[in-house]
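Asks: For reference, the structure I am asking about is given below.
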Amino acid sequence: MVYNKFVMEMRYPVSLNPAATVYVLSFAEAGNAFERYSEYNPYKLYRSAGVGARIFMSAFGLLGFDYGWGFDKVPIYTPGQKQDKGIFHFIIGQQIR
Numbered sequence: 369m370v371y372n373k374f375v376m377e378m379r380y381p382v383s384l385n386p387a388a389t390v391y392v393l394s395f396a397e398a399g400n401a402f403e404r405y406s407e408y409n410p411y412k413l414y415r416s417a418g419v420g421a422r423i424f425m426s427a428f429g430l431l432g433f434d435y436g437w438g439f440d441k442v443p444i445y446t447p448g449q450k451q452d453k454g455i456f457h458f459i460i461g462q463q464i465r
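The sequence shown: position 14 = 382 (my numbering), numbered continuously.
Structure below.
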């Protein structure tokens with residue numbers, strides 16, 4: 369399995385209060401996965417962009433709200449999900465990279 373992902377995110381602080389730090393953001397992503405390395409094409413990417421907010425509160429940790437919009441049709445997707453609509457994401461916790 370070969371996988372590549374590119375992410376660009378721009379954050380703007382709304383409140384830097386230590387009790388509740390709030391950021392608004394915009395993002396753009398591109399990525400794809402391939403079964404074998406011989407099929408790998410770094411230029412065949414599925415793209416998306418969106419906006420969101422991150423709220424860090426010491427009692428709860430990191431909470432995130434995003435609305436993303438995919439630009440390309442994905443050949444395999446969740447049944448019943450429309451591909452021409454944006455998708456809302458709710459995030460709890462911070463990703464470990």
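We put the beta carbon where it would ideally sit given N, CA and C, even for glycine.
I'd like to confirm the pairing. Which residues does DSSP put opposite A417 in its beta bridges?
Replies: Start at 1 with the first residue of the sequence shown, and residue 417 comes out as number 49. Per DSSP, A396, W437.
Asks: Within its chain, find whatever has a CB closer than 6 Å to the CB of G438; leave out the 5 residues flanking it on each side and keep chain order.
Replies: Here residue 438 is taken as the residue at index 70 of the sequence shown, counted from 1. The residues are S416.
Asks: My assumption, with CB atoms under 8 Å, is that V370 sits in contact with Y411. Please give the rounded CB distance.
Replies: Taking the sequence shown and counting its residues from 1, one reaches residue 370 at position 2. Taking the sequence shown and counting its residues from 1, one reaches residue 411 at position 43. At roughly 14 Å, the Cβ-Cβ gap does not stay under 8 Å, so V370 and Y411 are not in contact.
Asks: Please classify R379 as buried or exposed, where buried requires at least 16 neighbouring CB atoms within 10 angstroms.
Replies: Taking the first residue of the sequence shown as position 1, residue 379 is located at position 11. Counting every other CB atom within 10 Å of its CB across the protein chains shown gives R379 a total below 16, marking it as exposed.
Asks: For G461, tell me which candidate among K441, K453, V392, F424 has the shortest Cα-Cα distance.
Replies: Within the sequence shown, residue 461 is the residue found at index 93, counting from 1. G461 has its Cα closest to that of F424, out of K441, K453, V392, F424.
Asks: Counting only the same chain and skipping the five closest in sequence on each side, list residues whose C-beta sits under 6 Å from that of I459.
Replies: Within the sequence shown, residue 459 is the residue found at index 91, counting from 1. Once the five neighbours on either side are set aside, the close Cβ partners of I459 are G432.
Asks: So, helix, strand or coil for K406, using DSSP?
Replies: Counting from 1 along the sequence shown, the entry for residue 406 is found at position 38. Note that residue 406 is Ser in the sequence shown, not Lys. Note: S406 maps to helix in three-state DSSP.
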